[in-house]
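S.K.: Input: one structure, supplied below.
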Amino acid sequence: MSVSDDVSARLAAALRANETLWECLQRCRGLNLPAWYLGAGCVAQTIWSLAHGKAPGADILDYDLVYYDRDLSEERERKMTRYAREQTHGTHPQPAGFAARL
């Protein structure tokens, strides 16, 4: 196993340890958006928390879904935000943040 394989495996294990983050990733994948990512704040905080002996999801206030959509209208963003919130409902007590128009 190479160093990069080891780092990748450790990162994946850390992300899986944060059940909320992992559930968000799985549900977001099911949204079938053409291009998206989960904002890195929750990833960095998960690693930080684990490194300092805290629960993996400690101190994470939200999980931000960023996606690309050619339609930049406010109406489309509202529709996608509503849809994404429905699909990720129950993964975290705070509403998720969504952004297509950055």
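In terms of numbering that gives the first Met the number 0, the sequence shown opens at residue 0 and continues consecutively. Yeah, the Cβ is synthetic: ideal placement off N, Cα and C, and Gly gets one too.
In the DSSP output, what is residue 34 paired with across the bridge?
M.R.: Its beta-bridge partners are 67.
S.K.: Once you ignore the five residues that flank residue 20 on each side, which residues in its own chain have a CB closer than 8 Å to its CB?
M.R.: 14, 37, 41, 42, 45, 55, 56, 59 and 62.
S.K.: If we define contact as Cβ-Cβ less than 9 Å, is residue 65 a contact residue for chain B?
M.R.: In the structure shown, chain B cannot be found, because there is only a single protein chain.
S.K.: Go to residue 56, then tell me how far its alpha helix (DSSP H) extends in each direction, as first and last residue.
M.R.: Looking at the DSSP string, residue 56 is not in any alpha helix (DSSP H), and its letter there is neither H nor E.
S.K.: In three-state DSSP terms, what is residue 79?
M.R.: Note: residue 79 maps to helix in three-state DSSP.
S.K.: Look at the alpha carbon of residue 0 and the alpha carbon of residue 74, and state the distance between them as a whole number of angstroms.
M.R.: Rounded to the nearest angstrom, the two C-alpha atoms are 48 Å apart.
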